[in-house]
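Residues in the sequence shown are numbered consecutively from 168, following the working numbering.
This report refers to the structure that appears directly beneath it.
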Amino acid sequence: QVQFVESGGGLMQPGGSLRLSCAASGIMFRFAVMAWYRQAPGKERELVASISSGGGTNYVDAVKGRFTISRDNAKNTVYLQMNSLTPEDTAVYYCNARTATVNAWGQGTQVTVSS
């Protein structure tokens, strides 16, 4: 059974930074594609960023140049560094792990950007 521990969300002023962490267990982490999704109120869940087992990254256009996804395979952890936050980044952020046989989701962490 895949389990996640997500942390790092909270309230931040526009222009500020947050770093999300997601520690996974019960999965061959180093072989998994790891991703962060977000869902804002009244909107569909969207992919924010992903990182392959080889370290290749992909970002939605809205966060390019501001967010950075990274992984530490020794710690089974994926990170999302979020800089220059705007109110439009307000959402619940979900960690996702995908392999050939698993597609698992974290419980989500709230990020609120407001002055």
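Glycine included, every Cβ here is placed at the ideal spot set by N, Cα and C.
Computed from a predicted model, the values in this text were never measured in an experiment.
Query, Result
"Among F171, L187, I236, which residue has its Cα nearest to the Cα of S219?", "I236"
"Starting from the N-terminal side, write out each stretch of the beta strand (DSSP E) that is 3 residues or longer and does not extend beyond the segment 215 to 270.", "224 to 226, 234 to 239, 244 to 249, 258 to 265"
"For A190, write down the residues that DSSP places opposite it in a beta bridge.", "V172, T244"
"Less than 7 Å between C-beta atoms, sequence neighbours within five positions excluded: which residues of the same chain meet that for Y175?", "Here the sequence assigns Gly to residue 175, which means Tyr is not the residue at that position. The answer, listed in chain order, is L185, R186, L187, S188, T276."
"I need the DSSP call for R212, collapsed to helix, strand or coil.", "coil"
"Taking the beta strand (DSSP E) that G177 falls in, what are its first and last residues?", "177 to 179"
"So, under 8 Å CB-CB, F171 and A191 are touching, yes? Tell me the CB distance rounded to an integer number of Å.", "5 Å"
"Round the Cβ separation of T266 and A199 to the nearest angstrom and send it over; I've been treating them as touching at under 8 Å.", "5 Å"
"T224 to R212, Cα distance in whole Å?", "19 Å"
"Just to confirm before moving on: does the CB-CB distance between Y260 and V227 stay below 9 Å?", "no"
"Could you compute how far the alpha carbon of N263 sits from the alpha carbon of G273?", "6 Å"
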